[in-house]
Amino acid sequence: MIELARGGRERLAPVLEAMAKAPPPHDAAPPAAPAIDEVRGWRDVVSAEVRRYAETPSAGNGVNVARTGMRTAVEQLAAAVDGFAAAVTAPPPLAGELLTLAGAQRTLALRTWSVAALQLDVISIHAGQGHVHVYLPSGPGSGTIPADTAPEGGG
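See below:
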């Protein structure tokens, strides 16, 4: 589970950072839609991640919570990508509204992942493996749960 989450973080981070540039948070100006080719690239990465989390074999309540949270987060990211894709071809002002909704979906995915990442950290500590921080890059004001300050493997 930890390796799956670490891999997901590495694969998703560039997509999330690019998505964050499309609807600037708390920006009064209408955001610009990303290029369709960029959105297609996001879709490829996120779709592959959705497939990685499709199987959720039961492994005890703690692991089930973490895995299901991460699965839900990547599914939310897939919905965000669909929103960005719709915005690319939509006329104004609908395009701006779709970008705003896609950005909100991205934020919800980040919040969901952060809850699952916290659960995975707790599981790892209780299993004697110490802290594990698999949080996604979210930026200030996202409402995500931040990683604690303990070093990886400590605790």
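In my numbering, the protein residues as written are 853 to 1007. Cβ atoms here follow ideal geometry from the backbone N, Cα and C, with glycine treated the same way.
By the Cβ-count criterion, Ala887 is exposed, with fewer than 16 other Cβ atoms from all chains shown falling within 10 Å of its own Cβ.
Here the C-alpha atom of Thr908 lies approximately 7 Å from the C-alpha atom of Thr920.
Shown here, Leu960 sits in a helix according to DSSP, grouped into three states. In this structure Gly995 touches Arg963 by the C-beta definition: roughly 5 Å separates them, less than 8 Å.
Sixteen is the threshold: since fewer than 16 other Cβ atoms of the shown chains lie within 10 Å of the Cβ of Ser910, the residue is exposed. For Val917, the secondary structure class from DSSP, reduced to helix, strand or coil, is helix. Residue range Ile888 to Arg904 is occupied by the alpha helix (DSSP H) that includes Gly893. In the DSSP annotation of this structure, Glu907 is not part of any alpha helix (DSSP H), being labelled neither H nor E. Restricting attention to Gly1005, Val917, Val926 and Asn913, the CA atom closest to the CA of Trp894 is found in Val926. Sixteen is the threshold: when 16 or more other Cβ atoms of the shown chains lie within 10 Å of the Cβ of Ala857, as they do, the residue is buried.
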